[in-house]
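Chemist: To start, I am sharing the structure in question, which I have written as structure tokens.
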Amino acid sequence: MSDNTTKITPVDPIYHGESNYEVGLEDLLAQTKEKLKKMQSDPTITKEQLRLVEEDLQTLETLWENYHIGMNVFRNAKGGHDGLREVKTD
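Residues in the sequence shown are numbered from 1 upward in steps of one, following my numbering.
Structural data, given as structure tokens:
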């Protein structure tokens, strides 16, 4: 029986060292900020429409922040205990 599991590359070279999740989230943030900026200068946009896009932006910013907090914890946990295993002789 052969392994048909899809091989996952966590950081694809096309994303310049970032994950596809990170790049996708950056794109969504940029698009949503631009959308909000355009809507704010459009007099036909209602307050409700603006509020919804502002909520979308807040959600995306929270996802962005949580992603980076999680990655920092992961990076620290992965190499953060290395120094504890060293025996210091003075």
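Glycine included, C-beta positions come from ideal geometry on N, C-alpha and C.
As a quick exercise: from Ser41, Glu34, Pro43, Gly70, pick the residue whose alpha carbon is nearest that of Asp56.
Modeler: Among Ser41, Glu34, Pro43, Gly70, the Cα nearest to that of Asp56 belongs to Glu34.
Chemist: For His68, which residues from the same chain have a beta carbon less than 6 Å from its beta carbon, with the 5 sequence-adjacent residues on both sides left out?
Modeler: Excluding positions up to five away in sequence, the list is empty.
Chemist: Give every residue of the same chain whose Cβ lies closer than 8 Å to the Cβ of Leu36, excluding the five residues on either side of it in the sequence, and list them in chain order.
Modeler: Contacts found: Leu50, Val53, Glu54, Leu57.
Chemist: Along the chain, where does the alpha helix (DSSP H) containing Thr32 start, and where does it finish?
Modeler: 20 to 40 is the span of the alpha helix (DSSP H), which, as asked, contains Thr32.
Chemist: Taking the alpha-carbon positions, what's the Ile45 to Met39 distance?
Modeler: In a straight line, the C-alpha of Ile45 is about 6 Å away from that of Met39.
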